[in-house]
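Asker:
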Amino acid sequence: MRRKTVGYLFVLPILVLILVIFLYPLISTIRYSLYDIPFGVKQGPFVGLQNYRIIFAEPVFWQGLRNSVIWALGNLAVQLTIPFGIAIVLNHRLKGIDLVRAIVLIPWIVPAVVVAICARWLLLPTMGPINYYLLKTGIVARRVNFLGSLGLAMPTLIALNSWKFFPFGTLLILAALQTIPAQLYEAARVDGANPWQCFTRITFPLVGRIVWFIGFLAFVWNFNIFDLIWLITQGGPGNTTQTLPVLIYRTAFKTFRPGEASSIAVIIMIFLAAVGIIYFRLLSPKKEERIIAQ
Amino acid sequence: MSTRRIAEVSINYLVIAIVLVGVMSPFIYVAFSSFKPLKEIMTIRPAFFPHQPTLKNYQTLLLARTPIRNFPLFLFNSFKVSIGTTLLTLVLACLGGYSLARYRYRGRELLGRMMLFIYVFPTILLLVPVYKMFSRLNMLDTHFALIIVYTALAVPFCTWLLSSFFRGIPPELEEAAMVDGAKGLTIFYRIVFPLAAPGILTAGAYAFITAWGEYMFALILLMTSAQRTAPLGLATFTAEQYIEWGPLLAGSWLIILPVVVCFLPLAKYFIRGFIAGAVKG
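Quick mapping for you: the protein sequence lines, in order, are chains A and L.
All residue numbers for the first sequence refer to my numbering, where the first residue is 1173 and numbers rise by one.
All residue numbers for the second sequence refer to my numbering, where the first residue is 7 and numbers rise by one.
(1) Alpha carbons only, please: which of L1444/A, E1230/A, L1454/A is nearest the one belonging to L131/L?
(2) Take the Cβ of K189/L as the centre, count every other Cβ of all protein chains shown within 10 Å, and call the residue buried at 16 or more, exposed below.
(3) Which stretch, first to last residue, makes up the alpha helix (DSSP H) that contains D147/L?
(4) Should W1293/A be labelled buried (16 or more other beta-carbon atoms within 10 Å of its own) or exposed?
(5) Quick one: is the Cβ of S1435/A within less than 7 Å of any heavy atom of the ligand MG?
(6) Which of the three DSSP states, helix, strand or coil, is assigned to V1196/A?
(7) Quick check on DSSP: helix, strand or coil for Q1466/A?
(8) Is I12/L close to chain A? Criterion is C-beta to C-beta, closer than 8 Å.
(9) Who are the near neighbours of V1438/A in its chain, counting only those whose CB is closer than 7 Å to its CB and skipping five residues on each side?
(10) Pull up the distance between the alpha-carbon of F1228/A and that of E1432/A, whole angstroms please.
(11) Could you tell me whether the stretch 1346-1354 of chain A touches the stretch 1252-1266 of chain A, where touching means 3 or more Cβ pairs closer than 8 Å?
(12) For chain L, check one thing: does any of its Cβ atoms lie closer than 8 Å to the Cβ of G1407/A?
(13) Does the beta-carbon of I12/L have 16 or more other beta-carbons within 10 angstroms, so that it is buried, or is it exposed?
(14) Suppose you measure from the CA of L1400/A to the CA of L1419/A; what does that come to, to the nearest Å?
(15) What does W218/L reach in chain A if we use C-beta pairs closer than 8 Å?
(16) Helix, strand or coil for T1413/A, going by three-state DSSP, please let me know.
(17) Assuming contact is defined by CB atoms lying nearer than 8 Å, are V29/L and I1269/A in contact in what I supplied?
(18) Kindly identify the DSSP beta-bridge partner or partners of T72/L.
(19) Can a CB atom of chain L be found closer than 8 Å to the CB of A1424/A?
(20) Considering only residues of the same chain and omitting the five flanking positions on each side of K1459/A, which have a CB-CB separation below 8 Å?
(21) Against chain L, with Cβ distances strictly below 8 Å, would D1270/A count as a contact?
(22) Between P1339/A and V1276/A, which are expected to be in contact by the criterion C-beta below 8 Å, what is the C-beta distance as a whole number of angstroms?
(23) Taking all protein chains shown into account, do 16 or more other C-beta atoms lie within 10 angstroms of the C-beta of E220/L, making it buried, or fewer, making it exposed?
(24) From the DSSP secondary-structure annotation, give me the bridge partner or partners of F1218/A.
(25) Below 8 Å on the Cβ atoms is my contact criterion, and I expect I1258/A with T1342/A to pass it. Report the Cβ-Cβ distance as a whole number of Å.
(26) Check whether the stretch 208-220 of chain L touches the stretch 81-95 of chain L, counting contact only when three or more Cβ pairs, one atom from each stretch, lie closer than 8 Å.
(27) Spatial neighbours of A224/L within its chain, please: C-beta separation below 7 Å, excluding the five flanking residues on both sides.
(28) Buried or exposed: F41/L, going by 16 or more other Cβ atoms within 10 Å of its Cβ?
(29) Where does S231/L sit, in a helix, a strand or coil, going by DSSP?
(30) Would you verify that the beta carbon of R1361/A is, or is not, closer than 8 Å to some beta carbon of chain L?
(31) Answer yes if the stretch 1281-1289 of chain A comes into contact with the stretch 1297-1315 of chain A, meaning at least three C-beta pairs across the two stretches below 8 Å, and no otherwise.
(32) Taking only the alpha-carbon atoms, compute the straight-line gap between L1344/A and D1208/A and give it to the nearest angstrom.
(33) Return the first residue and the last residue of the alpha helix (DSSP H) that Q1369/A is part of.
(34) Between L255/L and P78/L, what straight-line distance do the alpha-carbon atoms span, to the nearest angstrom?
(35) With a 10 Å radius around its C-beta and 16 neighbouring C-beta atoms as the bar for buried, classify V161/L as buried or exposed.
(36) Quick one: what's got a C-beta closer than 6 Å to I1463/A's C-beta in the same chain, skipping five residues either side?
Structure follows, in structure tokens:
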């Protein structure tokens, strides 16, 4: 056998798997969104854009879209800023830093179901330890219903999700920081630069491009999160935390309308693709900066 | 050391201390609480340490089994699915990673990039079609379906990780073995495998962790309670009328334990692998 053929053969199983689990569903989602599929039936009649019309007429969809955007942007804001600070600290050569870096990653590997159960218990309004300590230290005057009140459920979920995913941003930003030669900082220090100047003149321009990319990755990942929201609030109270992924699950598996669920999925796909194009084509950092970063 | 340097170092340690407390305190609190009797868990005046430590929560969870509340079985199912995923992922990722690292062919660069960029794919899209696909194949409610999906989720990153490990092994070693008459698989087994062992362990741990904690696909693909994985099983306990927090906290700890044990010794390689990936991608 020729060497080339062997090379192809070795990646073939992965290619097949990706085609079956990612690409084929992508195409069938688009197809399903054009059919009326009663649950359990293999194939219903072709209905054109009717599923889309139904979805667009439902206020729940528009609320879900708004929730999703708030959710994704809120998470993004927290997950880019705080990890940036932590990554800068972890980039120093300090004693025991390897162990610290490892421990910081733990929230990320902890299953969502564990985070959800612990958070629900810790945040209980009357019996929850967090309320107890907040009252005791005088931070709040009355017990707070974090997950049960309309205005607080979403910010609380964003905080919980960001707690779970901050290690990811931290690690990637740390990776970017490690590409900067230490001599640059030493030279700047000799010239009398303060830490803030070091950050704005060296760190930020050099890692900007990578952080830019991490921003997009974080946006997409957060946008798609289903498990944590479903396990903590199921989209409640009053649909205030019902993002589009939660709505897709509810539509397909609770109210049994897979056709409409598929059309929401297609809308998500178009939306994220549009965000990606705008993000990288129009808002991307200038060419010059990119060359420096490389 | 100048005073400014001392100030900088102490700020660093302060930030690290805050981060560590923020990361660890919920786990430690939950760990201690899982040994508390119910009246200390459900109280308006909770304490950090249990007054009367008890194993009752763990006993309830592990010994008071009913067909729909069979946590030991759920743990066993999770181990089965996770180990299946790990093995399948490793076989595919070793082959694929080796191919990307050693063979030259058209589209190789593109394939390598795809392994990372596939993670921008919105997985929520898969919900309906993956359910329909396995339903058509009569594979709903099987662990095999989960293993396939989890492998697809883990294999691109593992392939990428392993290809970078394989690239670090000088090809001369393999060529020398070939001159000595060794065959393909022997070379891989005797030379590549031992040298890439940290990479293979890390890829394996990644696949295991991915499968161990996954909830969404388990929720849609598994139907009967006997098939449930541990995250799914534990989550169903919270949907009951009366939530028993004690056993839930105990169960949370039993789910965390394997991933942490799996991860901490390999954290160094994880971090190195991700850092290499981030810089290239």
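The C-beta atom is built at its ideal place from N, Cα and C for all residues, glycine as well.
Answerer: According to the data block:
(1) L1444/A
(2) exposed
(3) Counting along the chain, D147/L falls outside any alpha helix (DSSP H), and DSSP gives it neither H nor E.
(4) buried
(5) Within the structure as shown, the ligand MG is missing, as the structure has no ligands at all.
(6) Contrary to the premise, residue 1196/A reads as Tyr rather than Val in this sequence. Correct three-state label for Y1196/A: helix.
(7) With a pLDDT of only 39 at Q1466/A, under 50, the local geometry of the prediction cannot be trusted, and the value read off the model is given with reservation. Three-state DSSP puts Q1466/A in coil, outside helix and strand.
(8) no
(9) T1201, I1202, S1205
(10) 10 Å
(11) yes
(12) no
(13) exposed
(14) 14 Å
(15) P1283
(16) coil
(17) no
(18) R75/L
(19) yes
(20) Annotation note: pLDDT 49 at K1459/A (below 50); position unreliable, coordinate value reported separately. Excluding sequence neighbours, K1459/A sits near nothing in its chain.
(21) yes
(22) 5 Å
(23) buried
(24) Y1207/A
(25) 5 Å
(26) yes
(27) L152, T235, P237, L238
(28) buried
(29) helix
(30) no
(31) no
(32) 43 Å
(33) 1367-1370
(34) 15 Å
(35) buried
(36) Here I1463/A scores only 43 on pLDDT, less than 50, and its place in the model should not be relied on; the value that follows carries that caveat. For I1463/A, where only same-chain residues beyond five positions count, there are no Cβ hits under 6 Å.
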